[in-house]
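The block underneath contains the structure these notes are about, expressed in structure tokens.
Numbering (my numbering), first residue to last: 1273 to 1834.
Next comes the structure, spelled out in structure tokens:
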């Protein structure tokens, strides 16, 4: 539950702390004092949009902080608190924007750690329901009515809904994948043909990076074969005995005759002999080269065609031969993938059919569960409306199936009301007054309280359009909600409702330093009749007003005891 609520810099509220407790807590105060800001603060803690205009003029920020005890179970599950933590502080800070209303931002902390607004909504939304101004209007929406009916339908229905939602999501994903696959079939066919043609062209070339790298050198040799043979022959002849070889031989012989007398000359002799041997080897290789090099016009033409082919391939598929081979590897993988698409389409079609069958089966179970629960919920609402001064009201929860399943099933749910005898039942949003819708909303909450675990319920304007005996009945219903550890917070201007409070806070405004300042105080004991008398008369409670207030308190006490 919410043990304490602290509000600072929000609207007309400068700094207020409200201690809260189990049971019915009522907040009252004159119009404009800021009591509705209590509900606004709780809505901010539920993740509602932060309007920077709510920041009090002159304040650095608006701050809303709540202390939760005991720690909600989902806080530990979400990693926001350890299992042995006894309390959890959550806060939201709204920073003001610029003069044009832009630039504001929100800062959230859970257990002292920065968090996203969505995390705050997930945490608090599990156990807090806020019925703010106009909330009862939303009862006319099908999605709201369906959610209420699902909550009332019980645990087996909740398990079916929990199984349905992921099945529907998976069905939509698979259907989308298959539709995309079918829509792209023509484009994939074109891509398949193109890749097959390209791979055939590359494969036909029988590329070899090492061999093809030497093509230019071989082609140049064949193009200049006669010139190369002539040069090699002339060089070999120049190195014959009659050429350079004879002087070297003479030099070798001369140095051998003087060998053994000087180490330096001996070394020069060895170098000269090595030179003679090297010249002999070069002469032999030149002769062999001159004899083997010959023109081959046919092979030369083949090499030129090969070079043109390689140039064409590298122009289209890669900067060089390795690049072309890399492209062929990628193209082959893509071609295999495209070839598998037909198999994938068949598998997706089978998966889609299986999921569709599962979704329709679960949707049927949801429809039957809602249909059965709708009668029970309508009867429960009628019974509570009778206590709220609408004894002749007739309620119907309409559950209409649709052909196409949605994220929550196939049903369109609406709450229909005939407030008076002889009137046809009509959707709640089409004819019911604000007071009637407000009482239906309260009746729904009381009915849900009979089947749900304790939650924190917050009401603002639950007393819209009611008064007198009906107001007492509303107060009694709120008191009934606030049992078994449930926490109910109600902002009201009716003394009949306030008479049922376990805790009564009064929000008051005054002037301090030339500015309106809102404060709060708890009303207890003998102060309660005076406050109720003030609410009855609109001024200080005296005389008959106090007596009337005491009667209200006594009647409220009697009804609660009964």
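We put the beta carbon where it would ideally sit given N, CA and C, even for glycine.
Treat the numbers as computed from the prediction; the structure is a model and nothing was measured.
Exercise. Quickly, what does DSSP pair residue 1686 with across the bridge? List them, please.
Key: According to DSSP, residue 1686 bridges with 1670.
Quiz item: From residue 1578 to residue 1477, what does the alpha carbon distance come to, in whole angstroms?
Solution: Cα-Cα distance, rounded: 9 angstroms.
Self-check item: Validate contact between the region 1710–1730 and the region 1642–1662 using beta carbons, cut 8 angstroms, 3 pairs
Solution: Under the Cβ criterion (8 angstroms, minimum of three pairs), the region 1710–1730 counts as touching the region 1642–1662.
Quiz item: By Cβ distance, which residues of its chain are closer than 6 angstroms to residue 1319, with the 5 residues on each side in sequence left out?
Solution: Excluding positions up to five away in sequence, the list reads 1389, 1392, 1393.
Quiz item: Can you tell which of 1604, 1750, 1805, 1689 has its C-alpha closest to the C-alpha of residue 1466?
Solution: It is 1604.
Exercise. Can you tell me which of 1430, 1724, 1773 puts its alpha carbon nearest to the alpha carbon of residue 1401?
Key: Of 1430, 1724, 1773, the residue nearest in Cα terms is 1724.
Quiz item: Going by DSSP, which residues form a beta bridge with residue 1291?
Solution: Looking at the DSSP assignment, residue 1291 forms a beta bridge with 1276.
Quiz item: Whose C-alpha, out of 1433, 1500, 1549, is nearest the C-alpha of residue 1521?
Solution: For the residues 1433, 1500, 1549, the minimum Cα distance to residue 1521 belongs to 1549.
Exercise. Kindly indicate which residue of 1475, 1551, 1479, 1540 has the alpha-carbon position closest to the one of residue 1507.
Key: The shortest C-alpha separation from residue 1507 is found at 1551.
Self-check item: Complete runs of the alpha helix (DSSP H) confined to the region 1442–1492 [at least 4 residues]
Solution: Runs of the alpha helix (DSSP H) inside the region 1442–1492: 1457–1476, 1481–1485.
Quiz prompt | Residue burial classification, residue 1308 (beta-carbon count within 10 angstroms, cutoff 16) | solution = Residue 1308 counts as buried, since at least 16 other C-beta atoms from the protein chains shown sit within 10 angstroms of its C-beta.
Quiz item: For the candidate residues 1624, 1444, 1731, 1819, whose alpha-carbon lies nearest to that of residue 1895?
Solution: What is shown of the chain runs 1273 to 1834, which leaves residue 1895 out entirely.
Quiz item: For residue 1613, which residues of its own chain have a beta-carbon under 7 angstroms away from its beta-carbon, when the five flanking residues on both sides are left out?
Solution: Taken in chain order, the residues that qualify are 1453, 1460.
Quiz prompt | Contact under 8 angstroms by Cβ, residue 1396 with residue 1317 | solution = Their beta carbons are under 8 angstroms apart, which means residue 1396 touches residue 1317 by this criterion.
Quiz item: Got a sec? Which residues, its chain only, sit under 7 angstroms from residue 1778 by beta carbon, not counting five neighbours each side?
Solution: Contacts found: 1300, 1301, 1792, 1793, 1795, 1803.
Quiz item: Within this structure, are the beta carbons of residue 1640 and residue 1685 separated by less than 8 angstroms?
Solution: Not closer than 8 angstroms, so no.
Practice problem: Return the bridge partner residues of residue 1679 from the DSSP annotation. | Solution: The beta-bridge partner set that DSSP reports for residue 1679 is empty.
Exercise. Go through its chain and collect everything with a Cβ distance to residue 1345's Cβ below 6 angstroms, but skip five positions before and after it.
Key: There are no such residues.
Quiz item: Which parts of the region 1723–1748 are runs of the alpha helix (DSSP H), unbroken and 4 residues or longer, counting only runs that do not cross its ends?
Solution: Listed in chain order, there is nothing to give.
Practice problem: Count the other CB atoms, across all protein chains shown, that sit within 10 Å of the CB of residue 1776; report buried if there are 16 or more and exposed otherwise. | Solution: The residue is buried, with at least 16 neighbouring Cβ atoms inside 10 Å.
Practice problem: Could you tell me whether the region 1288–1296 touches the region 1341–1358, using the rule of 3 or more Cβ pairs below 8 angstroms? | Solution: Contact between the region 1288–1296 and the region 1341–1358 is absent, because fewer than three Cβ pairs lie under 8 angstroms.
Practice problem: Assign residue 1312 to one of two classes, buried (16 or more other C-beta atoms within 10 Å of its C-beta) or exposed (fewer than that). | Solution: So residue 1312 ends up on the buried side.
Practice problem: Please report the Cβ distance between residue 1824 and residue 1741, rounded to the nearest whole angstrom; I am assuming they are in contact, meaning their Cβ atoms lie under 8 angstroms. | Solution: Contact flag wrong, Cβ pair sits at about 12 angstroms.
Practice problem: Could you name the residues that DSSP lists as bridge partners for residue 1759? | Solution: Partner(s): 1295, 1728.
Quiz item: Could you give the distance in angstroms between the alpha-carbon of residue 1545 and the alpha-carbon of residue 1537?
Solution: The straight-line gap from Cα to Cα measures roughly 12 angstroms.
Quiz item: Roughly how many whole angstroms lie between the Cα atoms of residue 1399 and residue 1310?
Solution: Those two C-alpha atoms are separated by around 17 angstroms.
Practice problem: Figure out for me which residue from 1782, 1440, 1787, 1412 has the closest Cα to the Cα of residue 1625. | Solution: That would be 1440, whose Cα lies nearest to the Cα of residue 1625.
Quiz prompt | alpha helix (DSSP H) segment containing residue 1640, residue limits | solution = It spans 1593–1659 - the alpha helix (DSSP H) in which residue 1640 sits, taken as one unbroken run.
Quiz prompt | Span separating the alpha-carbon of residue 1379 from that of residue 1593 | solution = Our two residues, residue 1379 and residue 1593, have alpha carbons roughly 59 angstroms apart in a direct line.
Practice problem: Measure the C-alpha to C-alpha separation of residue 1315 and residue 1670 and round it to an integer number of angstroms. | Solution: Rounded to the nearest angstrom, the two C-alpha atoms are 30 angstroms apart.
Quiz item: Taking just the CA atoms, how far does residue 1572 sit from residue 1591?
Solution: If you draw a straight line from the Cα of residue 1591 to the Cα of residue 1572, it comes to about 25 angstroms.
Practice problem: Let me know if residue 1783 comes out buried or exposed under the rule of 16 or more other beta-carbons within 10 Å of its beta-carbon. | Solution: Classification for residue 1783: exposed.
Quiz item: Does the distance from the CB of residue 1635 to the CB of residue 1679 come in under 8 angstroms?
Solution: Residue 1635 is not a Cβ neighbour of residue 1679, given a cutoff of 8 angstroms.
Practice problem: Just grab the DSSP bridge partners of residue 1792 for me. | Solution: DSSP, once it has assigned bridges, lists 1779 as partnering residue 1792.
Exercise. Mind reading off the beta-carbon distance from residue 1500 to residue 1596? Whole number of angstroms is fine, and I expect it under 8 angstroms.
Key: 31 angstroms between Cβ atoms; not a contact.
Practice problem: Work out the CA separation of residue 1273 and residue 1688 for me, nearest whole Å. | Solution: Taken atom to atom, the span from the alpha-carbon of residue 1688 to that of residue 1273 is near 34 angstroms.
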